[in-house]
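According to UniProt numbering, the stretch in the sequence shown is residues 1 to 230, in order. Positions of the beta carbon are idealized from the N, C-alpha and C atoms, including for glycine. These numbers come from a predicted model, not from an experiment. Working notes, structure below.
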Amino acid sequence: MSTAESAVIPLVDYKYHKLDTGPAMNATITREQALNYLKLMHTIRRLETTAGNLYKEKVIRGFCHLYSGQEAVAAGIEAALQPGDALITSYRCHGFAYSRGNTPHSILAELCGKTSGVSKARGGSMHIFGKDFYGGNGIVGAQVPLGTGISLAYKHMNKPNVVITLYGDGAANQGQVFESFNLAKVLNLPVIYLCENNQYGMGTSAKRSSASTLYYTRGDFIPGLWVSLI
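Next up, the structure:
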């Protein structure tokens with residue numbers, strides 16, 4: 001068992017779009033930080049495993065999109081965010097609902113249609129919210145223009161914060177996504193678009209649905225960064 005209080009972690013190579021340089025190629029992490037990240041990822045996995053079991057038992061009705069296997073994205077984002085920064089994501093939102101401050105009990109209660117749930121049993125699996133967390137959105141890709149709008153509000157309010165707007169490869173080809181990119185550049189909005197490419201949109205592979213899977217280059221005049229979590 002290691003007793004070191006910190007470690008230097010080599011990072012994977014990045015791919016750049018309209019960037020001359022990127023993040024550092026290594027990161028220093030303390031023991032406490034590492035344990036916190038592991039705890040966050042482990043809790044999200046346990047939360048989703050429980051949700052999956054409840055769904056199989058038909059305790060959870062309707063759809064139930066799990067975040068299993070993508071927990072490192074949530075941990076990495078939360079490590080970088082500052083107080084007051086906001087986040088909006090797709091219907092695969094349980095993990096972020098937890099990382100943004102909701103309890104596992106309140107999230108599972110919402111999934112089970114209980115009034116003790118995060119959204120008082122009105123949102124279900126796909127519409128969970130919290131402080132600086134704008135969902136959980138059931139319509140594919142709809143969160144992208146919403147996140148853009150939130151960043152516009154932040155700009156008008158002179159808030160020194162950023163809005164993380166997540167979407168998947170399954171939503172990447174929608175017109176509203178490209179319209180959001182354009183508006184963000186025209187107005188210089190404080191928004192970061194993050195495409196979580198898990199290779200499949202439902203049952204369709206990214207290679208079958210996209211002429212190009214280089215999603216980090218899709219912003220045209222917006223700089224892009226490709227990161228591998230594998």
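Nonlocal neighbours in the same chain, by C-beta distance under 8 Å from residue i, ignoring five residues either side
i: Gln199; result: Asp169, Ser205 and Ala206
i: Leu47; result: His94, Gly95, Tyr98, Pro104, Ile107 and Leu108
i: residue 256; result: A query on residue 256 cannot be resolved here, the shown segment of the chain reaching from 1 to 230 and no further.
Beta-carbon proximity check, residue i vs residue j, cutoff 8 Å
i: Ala97; j: Ile128; result: yes
i: Gly117; j: Ile88; result: no
i: Ile60; j: Ser119; result: no
i: Thr148; j: Leu183; result: yes
i: Lys159; j: Gly52; result: no
i: Arg92; j: Tyr67; result: yes
i: Val140; j: Ala172; result: no
i: Leu152; j: Leu189; result: yes
i: Val227; j: Tyr16; result: no
i: Arg100; j: Phe133; result: yes
i: Asn102; j: Gly130; result: yes
i: Gly22; j: Leu225; result: yes
i: Val73; j: Glu196; result: yes
i: Glu57; j: Thr30; result: no
i: Asn137; j: Ser90; result: yes
i: Val191; j: Val163; result: yes
Enclosing alpha helix (DSSP H) for residue i [first to last residue]
i: Glu57; result: Glu57 -> no alpha helix (DSSP H), and no H or E assigned at all.
i: Phe178; result: Gly175 to Leu187
i: Gln143; result: Gln143 to His156
i: Phe96; result: His94 to Ser99
i: Ser209; result: Ala206 to Ser209
i: His105; result: Pro104 to Leu111
i: Ala172; result: No alpha helix (DSSP H) contains Ala172, which DSSP labels as neither H nor E.
i: Ala75; result: Glu71 to Ala80
Buried/exposed call for residue i, threshold 16 Cβ in 10 Å
i: Val12; result: exposed
i: Met25; result: exposed
i: Ala211; result: exposed
i: Phe181; result: buried
i: Glu110; result: buried
i: Thr165; result: buried
i: Ala86; result: buried
i: Gly203; result: exposed
Segment limits, beta strand (DSSP E) that includes residue i
i: Val163; result: Val163 to Gly168
i: Leu87; result: Ala86 to Ile88
i: Val191; result: Val191 to Glu196
i: Leu225; result: Gly224 to Trp226
Close Cβ partners of residue i (< 6 Å) along its chain, the five nearest in sequence each way excluded
i: Leu19; result: Pro223
i: Gln174; result: Gly141
i: Glu78; result: Ser99
Contacts around residue i, its chain only, beta-carbon distance under 7 Å, and the 5 residues preceding and following it disregarded
i: Glu71; result: Met41, Ile44, Arg45 and Gly95
i: Val177; result: Gly141, Val144, Tyr167 and Ala171
i: Thr115; result: Ala121
i: Asp220; result: Phe181
Query raised in the report: What residue ranges within the stretch 5-32 form continuous beta strand (DSSP E) runs of no fewer than 3 residues, ordered along the chain?
Result: 6-10, 15-17 and 26-30
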